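**Q** One structure coming up, written as structure tokens, with questions to follow.
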Amino acid sequence: MLIEVMKSKIHRVRVTQAELNYVGSITIDEDLMDAANIVANEKVQIVNNNNGARLETYVIPGERGTGTICLNGAAARLVQVGDIIIIISYASMTPEEAKVHKPALLFPDHNNKLTL
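According to our numbering, the residues represented by the sequence shown are 1 to 116, in order.
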């Protein structure tokens, strides 16, 4: 049996863009992706702290060091620039694997930059 377990979380990042006329996805600064162990095209859940909206989409890499967090396509209707969101990815694993799994947890600063 496999269970779904949180693999990664980017906690409380600020939406920098919302592009309605795009095919879809979330664009994330590649530095944040690497630190959170999230890869291009990976499915993620987005939780909007400002309005309670939840959605799933896939990740595309954004320019490194920019702090870019951009919701694209229909997802752009569920956020406003400046909203605070949480980005979560999950992995399937056995209960035994889950007991020892350590998720990647990021807490970027107010500019979506990594802190030490």
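Using N, Cα and C, we set each Cβ at its ideal position, and we do this for glycine too.
Since the structure is predicted, the reported quantities are computational estimates derived from the model, not experimental observations.
Counting along the chain, where does the alpha helix (DSSP H) carrying residue 99 start and finish?
**A** Residue 99 -> alpha helix (DSSP H) spans 95-100.
**Q** Going by Cα to Cα distance, which pick from 109, 93, 29 is closest to residue 40?
**A** Nearest of 109, 93, 29 to residue 40, Cα basis: 29.
**Q** Report the partner residues of residue 105 according to the DSSP bridge assignment.
**A** 9.
**Q** With the cut-off set at 8 angstroms, would you say residue 32 and residue 60 are in Cβ contact?
**A** Contact flag unset, no.
**Q** If I'm right that residue 62 touches residue 27 with Cβ under 8 angstroms, what's the distance once you round it to whole angstroms?
**A** Rounded, the Cβ-Cβ distance is 4 angstroms, consistent with contact.
**Q** With a threshold of 16 other CB atoms inside 10 Å of the CB of residue 112, please say whether the residue is buried or exposed.
**A** Flag for residue 112 reads buried.
**Q** Give the DSSP bridge partners of residue 19, in chain order.
**A** Note: residue 19 sits in a beta bridge opposite 72.
**Q** Using a threshold of 8 angstroms, state whether the C-beta atoms of residue 53 and residue 106 are closer than that.
**A** No, the Cβ-Cβ distance between residue 53 and residue 106 is not below 8 angstroms.
**Q** Could I get the ranges of all uninterrupted beta strand (DSSP E) runs contained in the region 25-62, with 3 residues as the minimum, in chain order?
**A** DSSP runs (the beta strand (DSSP E)) wholly in the region 25-62: 25-29, 43-48, 54-62.
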